[in-house]
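Peer 1:
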Amino acid sequence: MAKLPKKEELLQHKYDVPSDAWMDTPVDIKPGVFCYGAKGKNLEAVGFPNARDWSPSDEDWKLPENWKEIFLQGMADRLSKYRSFRLFMDVCVRCGACADKCHFYMGSGDPKNMPVLRAELLRSVYRRYFTKSGQMFGRLAGARDLTEDVLKELWYYFYQCTECRRCSVFCPYGIDQAEITIMGRELFNLLGLNIDWIAGPVANCYMKGNHVGLEPQTIMSNIEFMLDDIETITGKRIKPSFNRKGAEILFVAPSGDLFADPGIYTCMGYLMLFEQLGLDYTMSTYASEGGNFGFFTSNEMAKRLNAKIYAEARRLGVKWILGGECGHMWRVLNQYMDTWNGPADFLEEPVSPITGTKFTNAKSTKMVHITEFTADLIYHNKLKLDPSRNDHLVVTFHDSCNPSRGMGLLEEPRYIISKVCNNFHEMPEETIREKTLCCGSGSGLNAGENMELRLRGGFPRANAVKYVHDKYGVNVLANVCAVDRVAFPALMDYWVPGVQTMGVHELLGNALVMDGEIERTLNLRSEPLPGKGVESDV
Amino acid sequence: MKIWSSLLVVIILASFAWIGVDFLHLTTLFGIVVPYIAFLIFLLGFIYRVVNWGKSPVPFCIPTTCGQQQSLPWIKQNKIENPSTIWGVVGRMVLEIFLFRSLFRNTKTEKTGNSLAFGSAKWLWFGGLVFHWSMLVVVIRHLRFFLNPVPGFVQGLEMLDSFLQVGVPLLYITDILLVLALTYLFLRRVLIPQIKYISLAADYFPLLLLLGVAVTGILMRYFFKVDLLAVKELTMGLVTFTPTVSAEIGAIFYMHVILVSSLVAYFPWSKLMHAGGIFMSPTRNLANNSRMVRHVNPWNYQVETHSYTEYEDEFRDKMRKVGLPLEKE
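Below you can see the structure in the form of structure tokens.
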């Protein structure tokens, strides 16, 4: 990992622009910003073309001989398959409304991180090869040749976009840079120019069922570890089931929740909830990933990974599917899954076995978000909750980009938080809900080597957290996203020390009063609960 | 360079008409041929562009949601900003097209020391709205030259537009607003460094062309005062396909006409096509109902997957050891 700069150094930037035109400013690929190139073996594992080891910092990217042809042919192909792509190449008026809405621009001041300009990097190529005016007038029409330097520049900036869609909220035509980034990354993928932080998890997920590469026995031992902790905390031994045929519900979580701190605490919350409800559910080691790094690679790869969820639901004969807390996972499940791998006519319209509520909003896709499920339970008084166990926490909620701008899951998690915590404060209005600011690590950019980029990109979010931290003493950043749970601890330590990152179901697990449990003296992190039994000496 | 070349093109275009009419007396060319060709290019070009966009399908349901989804019955959905029905989408599009809803959200990010602040920034929204609405009113007012008798709503609109009752002929408010809004849009492009940095010739040119159209129109109405009867004779001739240029109309009229012709002929090949594109934007014109109703991708195809059988074959021993159920023992 590159050595981290000091805060003051990171915040030196202004929003000035260079005196030279952007086309005359060559790309400078900086360590700390770029992610390592994909290893050949990870691309080969899923049969991607032009697999090889390469490094973005090298002069020679070992491009295939006919790279230009591949790129332009790939572009033509996608222009004819996606109206969004063609339209977004054509209709931008460069009004600049999106310019200062990007967290990477706010955090870096690099004008090529303005969404409009990031898109222009590709539009200039589009104009040159796909429009008459670009062919005739060249640069005067904003067109430029596709050269190796241009390719490198495109690559560098398209891996500085987290596909968060914030720019799209403010664009008068709804131009979505995420959509353009997705297309650009498909093109890079044709040339073997993926990044390893995406290619590795994709290969893992394809072969082993999840991004982090947990084999079935490891999943079991990780869960066993959580069950031990739950027993210590609640006095109850839980027995979840795996790969069980005939269960009513298949539960799919992001694999981050099965893997590491603090995601595992969220997972413990899920398990405790299901145990308390006596839910007839099972988890799968084969479809052990709700997230989808294929989505950051190509539409086809995303579909290939996503296919496992319905395939497993069919094999196990469940009635419907419940999904855990994860951001891009829900963009994919909400907007893509049914189209790719549906119709899920072998499943039933989801109904909560506890409340009888029909989840009519999921009647086709048959997959329900766990906060929809849990909010419904609480609304119908099906859970006994003791929010005072979370009284030492002052909570704010971070809307993850995808559930807010690709779904609209805003009130469900807030409702749960309102019932399991007594101290809650919203961040400023311009930074939440559909205007939420990205963690800066989404879309597969949560690697270690690009930590400077992540800190910069996460700065606007952290700045809003700092505001409520200073004003109300907020010490917990709640969220419904596995990438948030991985990204925020480092981000908070750097920008707003003293703020912990917690999934909503971790907070729920703490407040949940389970039948026959012992008096809680520990929270799910096995830390003493202040004011409950044993006092902390730390 | 981008600004000056754009300005130069506008001046050259206007000079064509001036020289052509005043010195070469090519009134038929500039009064009839050019407008006809321009209008034809506009019509065919506009259709071509929209059809061309339409040919690319919308494979996925990708609305940008800007409010609460339809979920549990007791959670209040934002039916406009996150529509789940066609009516919600219509509402969203109406707000977007007539009131520029998304642009109304605009904020300005300011960095002071180590913190960010988001200030209000409604001027772009306001300037854009004033320009587009003024333009619409001006275009509708011009129907008086193409319809006989002049419809009541056109006359009504003219009355409203001139309610200040200033000057002879009466001053239209939208004439002033149009020029002011265009000037604002032009100046922000020149004066705000970030906007200047992203601007192309294709951004300056339409603004200057529109300003040229507005200025020649205003000069013609308020200062040079061309023969309106002769103008109407020409314009009515154009729409009834019996065009004649009878009387002398001043060169300023032909300058106005050639700039308008250039604008409409340029329209389909330029960013001005956002006027058609906004209707087709999949992030705005789709309902967020993809979990309720399956969205079909016309080019969806079979993909290679890693099946459970392959997975179990690879991990069978390990799975057996931890007691996981197996398909094949």
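In order, the protein sequence lines correspond to chains A and B.
With my numbering applied, the first sequence covers 91 to 628.
With my numbering applied, the second sequence covers 129 to 457.
We put the CB at the ideal spot given by N, CA and C, even for glycine.
Hey, does Thr-455 of chain A have any beta-carbon neighbour from chain B nearer than 7 Å?
Peer 2: Taking Cβ atoms only, chain B reaches closer than 7 Å to Thr-455 of chain A, which makes this a yes.
Peer 1: Would you identify the three-state DSSP class for Val-431 of chain B, choosing helix, strand or coil?
Peer 2: Coil, per DSSP.
Peer 1: For Ala-397 of chain A and Ala-537 of chain A, what's the separation of their Cα atoms in angstroms?
Peer 2: So the alpha carbons of these two residues sit roughly 26 Å apart.
Peer 1: Hey, is Gly-498 of chain A's beta-carbon within less than 7 Å of any beta-carbon in chain B?
Peer 2: It does; some Cβ of chain B falls within 7 Å.
Peer 1: Which of the three DSSP states is assigned to Tyr-219 of chain A in this structure?
Peer 2: Of the three classes helix, strand and coil, the one that applies to Tyr-219 of chain A here is helix, per DSSP.
Peer 1: Do Ala-568 of chain A and Val-485 of chain A count as a contact pair if the criterion is CB distance below 7 Å?
Peer 2: Their beta carbons are under 7 Å apart, which means Val-485 of chain A touches Ala-568 of chain A by this criterion.
Peer 1: Does Pro-503 of chain A come out as helix, strand or coil in the three-state DSSP assignment?
Peer 2: Pro-503 of chain A: helix per DSSP, three-state reduction.
Peer 1: So which of B:Phe-395, B:Phe-443, B:Leu-136 and B:Trp-253 has the shortest CA-CA distance to Pro-306 of chain A?
Peer 2: When only C-alpha atoms are compared, the closest one is B:Phe-443.
Peer 1: Which residues, taken in chain order from the region 327-358 of chain A, show a beta carbon closer than 8 Å to some beta carbon of chain B?
Peer 2: For the region 327-358 of chain A, which is checked against every Cβ of chain B, the residues closer than 8 Å are Phe-332, Asn-333, Arg-334 and Lys-335.
Peer 1: Please name the residues in the region 209-221 of chain B whose beta-carbon is closer than 8 Å to at least one beta-carbon of chain A, in chain order.
Peer 2: If the cut-off is 8 Å between Cβ atoms, the region 209-221 of chain B has Glu-209, Asn-210 and Ser-212 near chain A.
Peer 1: Measure the C-alpha to C-alpha separation of Asn-416 of chain B and Thr-447 of chain A and round it to an integer number of angstroms.
Peer 2: Computed Cα separation, rounded: 21 Å.
Peer 1: Within 7 Å of any Cβ in chain B, is that where the Cβ of Met-91 of chain A sits?
Peer 2: Residue placement at Met-91 of chain A is poorly supported in this model, since its pLDDT is 49, which falls under 50; the coordinates are not used for a value here.
Peer 1: Please confirm whether Phe-174 of chain B and Pro-371 of chain B have their CB atoms less than 7 Å apart.
Peer 2: No; because the gap between Cβ atoms is not below 7 Å, this pair is not in contact.
Peer 1: Against chain A, does Trp-146 of chain B count as a neighbour if the rule is that its beta carbon must be under 7 Å from one of theirs?
Peer 2: No - not a single Cβ of chain A is within 7 Å of the one on Trp-146 of chain B.
Peer 1: For Phe-436 of chain A, count the other beta carbons within 10 Å of its own beta carbon; 16 or more makes it buried, fewer makes it exposed. Which is it?
Peer 2: Burial call: exposed.
Peer 1: I'd like to know if the region 138-154 of chain A and the region 269-277 of chain A are in contact, where contact means that at least 3 CB-CB pairs between them fall below 8 Å.
Peer 2: Result no; under three Cβ-Cβ pairs closer than 8 Å.
Peer 1: Select from the region 182-206 of chain A all residues with a C-beta closer than 8 Å to any C-beta belonging to chain B, and list them in chain order.
Peer 2: Under the 8 Å Cβ criterion, the region 182-206 of chain A contributes Cys-182, Val-183, Arg-184, Cys-185, Gly-186, Ala-187, Ala-189, Asp-190, Lys-191, Met-196, Pro-201, Met-204 and Val-206.
Peer 1: What residue range is occupied by the uninterrupted beta strand (DSSP E) comprising Val-267 of chain B?
Peer 2: Per DSSP, Val-267 of chain B belongs to no beta strand (DSSP E); it is in the alpha helix (DSSP H), 251-269.
Peer 1: Do Glu-309 of chain A and Leu-348 of chain A have their C-beta atoms within less than 7 Å of each other?
Peer 2: Note that residue 309 of chain A corresponds to Ile in the displayed sequence, not to Glu. Yes; because the gap between Cβ atoms is below 7 Å, this pair is in contact.
Peer 1: Name, please, each residue of chain A whose Cβ falls closer than 8 Å to the Cβ of Val-421 of chain B.
Peer 2: Those within 8 Å of Val-421 of chain B in chain A are Ser-454.
Peer 1: What in chain D is Cβ-close to Lys-236 of chain B, meaning under 9 Å?
Peer 2: In the structure shown, chain D cannot be found, because the protein chains are A and B.
Peer 1: Just to confirm my understanding: we take Leu-414 of chain B, look at its own chain, exclude 5 residues before and 5 after, and list those with CB closer than 6 Å. What are they?
Peer 2: If we look at Leu-414 of chain B and ignore the five residues flanking it on each side, its Cβ neighbours are Cys-189 and Pro-191.
Peer 1: In chain order, what residues of the same chain have a beta carbon less than 7 Å from the beta carbon of Val-258 of chain B, not counting five sequence neighbours either side?
Peer 2: Contacts found: Leu-305 and Ala-309.
Peer 1: Got a sec, what are the start and stop residues for the alpha helix (DSSP H) Leu-177 of chain A sits in?
Peer 2: Run containing Leu-177 of chain A: 173-180, per the alpha helix (DSSP H) assignment.
Peer 1: Near Val-421 of chain B, what residues of its chain come up, given a Cβ to Cβ distance below 7 Å and the 5 sequence neighbours on each side ignored?
Peer 2: Closer than 7 Å at the Cβ level, and outside the excluded window around Val-421 of chain B, lies no residue.
Peer 1: Using 7 Å as the threshold, is the C-beta distance between Gly-565 of chain A and Gly-588 of chain A below it?
Peer 2: Reading off the sequence shown, one finds Asn at residue 565 of chain A, where the question assumed Gly. In this structure, Gly-588 of chain A lies closer than 7 Å to Asn-565 of chain A by Cβ.
Peer 1: According to a CB-to-CB cut-off of less than 7 Å, which residues of the region 508-535 of chain A neighbour chain B?
Peer 2: Within the region 508-535 of chain A, the residues whose Cβ lies closer than 7 Å to some Cβ of chain B are Glu-520 and Glu-524, listed in chain order.
Peer 1: Output, in sequence order along the chain, the residues in the region 108-124 of chain A whose CB is closer than 9 Å to any CB in chain B.
Peer 2: So the list reads Pro-108, Ala-111 and Trp-112, given in the order they occur along the chain.
Peer 1: List the endpoints of the continuous alpha helix (DSSP H) containing Phe-248 of chain A.
Peer 2: Unbroken alpha helix (DSSP H) run through Phe-248 of chain A: 238-248.
Peer 1: Is there a C-beta anywhere in chain B that falls below 7 Å from the one on Phe-260 of chain A?
Peer 2: For Phe-260 of chain A, the answer is yes, since a Cβ of chain B falls inside 7 Å of its Cβ.
Peer 1: Taking only beta-carbon positions, decide if Leu-366 of chain B is within less than 7 Å of chain A.
Peer 2: It does not; no Cβ of chain A falls within 7 Å.
Peer 1: Express the C-alpha separation of Leu-619 of chain A and Val-628 of chain A in angstroms, rounding to a whole number.
Peer 2: Any answer about Val-628 of chain A is weak, because its pLDDT of 44 lies below 50 and its placement is not dependable; what the coordinates show is given next. Their backbone Cα atoms lie some 11 Å apart in a straight line.
Peer 1: Does Glu-390 of chain A come within less than 7 Å of chain B when only Cβ atoms are used?
Peer 2: Closer than 7 Å: yes.
Peer 1: Which residues, in chain order, does the region 314-338 of chain B contribute to contact with chain A at a C-beta distance below 7 Å?
Peer 2: The region 314-338 of chain B vs chain A, Cβ under 7 Å: Pro-321, Gln-322, Ile-323, Tyr-325, Ile-326, Ser-327, Leu-328, Ala-329, Ala-330 and Asp-331.
Peer 1: Output the boundary residues of the alpha helix (DSSP H) element that contains Ile-386 of chain B.
Peer 2: Unbroken alpha helix (DSSP H) run through Ile-386 of chain B: 379-394.
Peer 1: Ignoring anything shorter than 3 residues, give me the beta strand (DSSP E) runs that lie fully in the region 159-233 of chain B, in order along the chain.
Peer 2: Counting whole runs of 3 or more residues, the region 159-233 of chain B contains no beta strand (DSSP E) stretch at all.
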